[in-house]
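One structure is given here, and the rest of the page talks about it.
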Amino acid sequence: MTTTAIFGAGVMGETLVSGLIRSGRTPGDLVVTGRTPDKVNALAERYGVRVMANADAADVADTLVLCVKPQDMTALLEEIHDHVAPGNTVVSLAAGITTEYLESRLPEGTSVIRVMPNTPALVDQGMAGISPGRHCTDDHLAEAEALLSSCGKVVRLPEKHLDAVTAISGSGPAYIFYVVEAMIEAGVVLGLPRATATELVVQTLYGAATMLKETQEHPTVLREQVSSPGGTTVAALRQLDDHKVRAAFVTAIEAAAARSKELASGQV
Numbered sequence: 219m220t221t222t223a224i225f226g227a228g229v230m231g232e233t234l235v236s237g238l239i240r241s242g243r244t245p246g247d248l249v250v251t252g253r254t255p256d257k258v259n260a261l262a263e264r265y266g267v268r269v270m271a272n273a274d275a276a277d278v279a280d281t282l283v284l285c286v287k288p289q290d291m292t293a294l295l296e297e298i299h300d301h302v303a304p305g306n307t308v309v310s311l312a313a314g315i316t317t318e319y320l321e322s323r324l325p326e327g328t329s330v331i332r333v334m335p336n337t338p339a340l341v342d343q344g345m346a347g348i349s350p351g352r353h354c355t356d357d358h359l360a361e362a363e364a365l366l367s368s369c370g371k372v373v374r375l376p377e378k379h380l381d382a383v384t385a386i387s388g389s390g391p392a393y394i395f396y397v398v399e400a401m402i403e404a405g406v407v408l409g410l411p412r413a414t415a416t417e418l419v420v421q422t423l424y425g426a427a428t429m430l431k432e433t434q435e436h437p438t439v440l441r442e443q444v445s446s447p448g449g450t451t452v453a454a455l456r457q458l459d460d461h462k463v464r465a466a467f468v469t470a471i472e473a474a475a476a477r478s479k480e481l482a483s484g485q486v
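Heads up, the sequence shown is in our numbering, so the first residue is 219 and it goes up one at a time.
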């Protein structure tokens, strides 16, 4: 079995560790590094993984998963550069860090894969987009795919699309939470206890998402099934259209994609 080193003991690092173990990986085949000893040691105690310094972890790893913050990436790459061996796969989950950037700071020919994950990976319902660098083979991509599949779904696509992936699925959970907040608030305004409004909205969201996934119907078809002529739903949807909510979502997602592009080009 290959050894996977996860650099960074934050939320996404722990999410990957727990997902890999639940999917059948042996804890002894996993190595974790981090700048905060308490966090790293807590992971070791919780999951039985090995803890090492960055350079040592790079020495023993076949797959190196970079889960550090974008601003910490340059220092990490400098530290592990001389410890990355030919045939290693380097997988980066750092937002805005391009494969070109990684390749230019790692040994020539290193296989690099860029990933855009999202937070539902915490509950094994993540959606990750993965893009290969110049030296990637199908085997390298399959390896990264298996890694991310431990906590959700994975889609392969060219790197030029990752800004759109960031805007839709990377930032997407926040848009959903935003709508949920508004619906709960409306329930409270209408006189429902907040706990009841929350339960109603959350289960409705879960049910609607399950219908989309299970029926494979187009959302327009499902929406029309709920919208009786002259009924309550069409009255509500008329207000959303009058307030240009659909257009606002498109504009907002375009803004997120533009910001992702700026971050990738080094604009803060």
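Think of the CB as a built atom: it goes at the ideal place given N, C-alpha and C, for glycine as much as any other residue. Since the structure is predicted, the reported quantities are computational estimates derived from the model, not experimental observations.
Discussion item. For methionine 334, tell me which candidate among Arg352, Val444 and Met345 has the shortest Cα-Cα distance.
Written reply: Taking the sequence shown and counting its residues from 1, one reaches residue 334 at position 116. Shortest Cα-Cα distance from methionine 334 to any of Arg352, Val444 and Met345 involves Met345.
Fill in: Continuous alpha helix (DSSP H) assignments of at least 4 residues falling wholly in the stretch 392-436
Fully enclosed alpha helix (DSSP H) runs of 4 or longer: 412-433.
Discussion item. Measuring only the C-alpha atoms, how far is proline 391 from arginine 412?
Written reply: Numbered from its first residue, the sequence shown carries residue 391 at position 173. Numbered from its first residue, the sequence shown carries residue 412 at position 194. A straight line joining the alpha-carbon of proline 391 with that of arginine 412 spans about 21 Å.
Worksheet item: Just checking, does the stretch 354-370 make contact with the stretch 323-339 on the three C-beta pairs under 8 Å criterion?
Response: Touching, yes, given that three or more Cβ pairs across the two stretches are closer than 8 Å.
Practice prompt. Find the nearest neighbour of alanine 475 within the set Val452, Ser329, Gly314 and Gln443, judged by alpha-carbon distance.
Written response: The residue given as residue 475 occupies position 257 in the sequence shown. With distances taken between Cα atoms, alanine 475 lies closest to Gly314.
Practice prompt. Starting from the N-terminal side, write out each stretch of the beta strand (DSSP E) that is 3 residues or longer and does not extend beyond the stretch 315-375.
Written response: Whole beta strand (DSSP E) segments, 3+ residues: 329-334, 344-350 and 370-374.
Item to complete: Could you tell me the boundaries of the beta strand (DSSP E) in which alanine 223 lies?
Response: By one-based count along the sequence shown, residue 223 stands at place 5. Counting along the chain, the beta strand (DSSP E) containing alanine 223 begins and ends at 222-225.
Worksheet item: To the nearest angstrom, how far is it from the Cα of valine 444 to the Cα of tyrosine 265?
Response: Sequence index remark: in the sequence shown, residue 444 carries index 226 (1-based). Sequence index remark: in the sequence shown, residue 265 carries index 47 (1-based). For valine 444 and tyrosine 265, the gap between their C-alpha atoms comes out near 46 Å.
Worksheet entry | Bridge partners - leucine 282, DSSP secondary structure assignment | As a working mapping, residue 282 is identified with position 64 in the sequence shown. In DSSP, leucine 282 forms a bridge with Ala223 and Val308.
Item to complete: Would you list the one or two residues that DSSP bridges to arginine 268?
Response: For the purposes of this step, residue 268 is taken as residue 50 along the sequence shown, with counting starting at 1. Paired residue(s): Val249.
Worksheet entry | Proximity to valine 383 [Cα-Cα], best of Ser241, Leu261 and Ala473 | In the sequence shown, counting from the first residue as 1, residue 383 sits at position 165. Looking only at Ser241, Leu261 and Ala473, the smallest Cα-Cα distance to valine 383 is reached by Ala473.
Discussion item. If you follow the alpha helix (DSSP H) that aspartate 459 is in, where does it begin and where does it stop?
Written reply: To locate residue 459, count along the sequence shown from 1; it is residue 241. Residue range 450-460 is occupied by the alpha helix (DSSP H) that includes aspartate 459.
Discussion item. So the candidates are Glu321, Val250 and Asp256; which of them puts its Cα closest to the Cα of leucine 234?
Written reply: The count along the sequence shown starts at 1 and reaches residue 234 at position 16. With respect to the C-alpha of leucine 234, the residue from Glu321, Val250 and Asp256 having the closest C-alpha is Val250.
Worksheet entry | Candidates Asn272, Thr450, Ser322 and Gly228, of which the one nearest lysine 287 by Cα | Position 69 of the sequence shown, counting from 1, holds the residue named residue 287. A check of alpha carbon separations from lysine 287 across Asn272, Thr450, Ser322 and Gly228 identifies Gly228 as the nearest.
Discussion item. For the pair the stretch 453-469 and the stretch 371-378, tell me if three or more CB-CB distances fall below 8 Å.
Written reply: With a cut-off of 8 Å on Cβ pairs, the stretch 453-469 is not in contact with the stretch 371-378, counting fewer than three such pairs.
Item to complete: Could you check which residue in Gly370, Thr307 and Leu282 has the C-alpha nearest to that of histidine 353?
Response: Your numbering for residue 353 matches position 135 in the sequence shown. Ranking Gly370, Thr307 and Leu282 by Cα distance to histidine 353 puts Thr307 first.
Fill in: Close Cβ partners of threonine 254 (< 8 Å) along its chain, the five nearest in sequence each way excluded
Counting from one through the sequence shown, the residue named residue 254 turns up at place 36. For threonine 254, where only same-chain residues beyond five positions count, the Cβ hits under 8 Å are Ala227.
Discussion item. Quick check on serine 446: does DSSP put it in helix, strand or coil?
Written reply: By 1-based counting over the sequence shown, the position of residue 446 is 228. Correct three-state label for serine 446: coil.
Discussion item. Let me confirm a value: proline 304 is counted as buried when at least 16 other C-beta atoms fall within 10 Å, else exposed. Which label applies?
Written reply: Walking along the sequence shown from the start, residue 304 turns up at place 86. That one is exposed.
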